[in-house]
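Colleague:
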Amino acid sequence: MTRKIINARISPDLYVKIADKAKKKRITVSNLIRNIVEDSLDISDDVLDLVDEKIRRYIHTEENEVIGYQSLTLAKQTSCGFCGKELNKGDHVHVAFSENLAASAVICDTCKHKQEKQTEQHEHASGKE
Ligand SMILES: [Zn+2]
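Note that this note's numbering gives residue 1056 to position 18 of the sequence shown, counting from 1, and the numbers run on in steps of one.
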């Protein structure tokens, strides 16, 4: 594996801090920086995933059942509010309006179909009672 090199300008103060820390840990400055960057990327990814999960679960709760859809042509890049898929400018997407309007979301075609199926199953299930 070829390694890439990153150059970053830092203040002399910061350099002293980093060099000091590396010395204490008995590792090279470059190892220390690599560890810090790797750790911080791992953590922020995990945190972002958690936040996304929470938002999606919130939108999917019963109280926020979708009451309607509206087609929309995207004027800018965004991501699906349910699955997180990247949506590009010009894509035909849907706005899912929830009873709680604050939880309305831009969603992709796939998620709209999934959501519609779920609602149908819901209606069938309650009809049998
Ligand atoms: Zn989606």
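All residues carry an ideal CB built from backbone N, CA and C; glycine is no exception.
Could you give the distance in angstroms between the alpha-carbon of Leu-1103 and the alpha-carbon of Glu-1137?
Modeller: Going by the sequence as given, residue 1103 is Glu instead of Leu. Distance between the alpha carbons of Glu-1103 and Glu-1137: 6 Å.
Colleague: Opposite Asp-1143 in the DSSP bridges: which residues?
Modeller: A small correction: the amino acid at residue 1143 is Ala; Asp does not occupy that position in the sequence shown. Bridge partners of Ala-1143: Ala-1134.
Colleague: Please look up how many angstroms separate the CB atoms of Lys-1168 and Ala-1143, rounded, as I've assumed it's under 8 Å.
Modeller: This structure cannot settle anything about residue 1168, because the visible part of the chain is limited to 1039 through 1167.
Colleague: State the DSSP-derived secondary structure class of Gln-1115, mapped to helix, strand or coil.
Modeller: DSSP places Gln-1115 in coil when its eight states are reduced to three.
Colleague: Is Thr-1066 near ligand 1, with its Cβ less than 7 Å from a heavy atom?
Modeller: no
Colleague: Relative to ligand 1, is the shortest distance from any of its heavy atoms to the C-beta of Thr-1116 smaller than 7 Å?
Modeller: Outside the cutoff, so no.
Colleague: Could you pull out every residue in the same chain whose Cβ sits closer than 6 Å to the Cβ of Glu-1124, ignoring the five residues on either side in sequence?
Modeller: Ser-1117
Colleague: Can the beta-carbon of Ile-1056 be found less than 8 Å from the beta-carbon of Leu-1070?
Modeller: yes
Colleague: Which residues in the same chain have their Cβ closer than 7 Å to the Cβ of Val-1067, if we skip the five residues on either side of it in sequence?
Modeller: Ile-1056, Ala-1057 and Ala-1060
Colleague: Where does Arg-1041 fall in DSSP's three states?
Modeller: coil
Colleague: Would you say Thr-1148 touches ligand 1, meaning its beta carbon is less than 7 Å from a heavy atom?
Modeller: Thr-1148: yes, Cβ under 7 Å from ligand 1.
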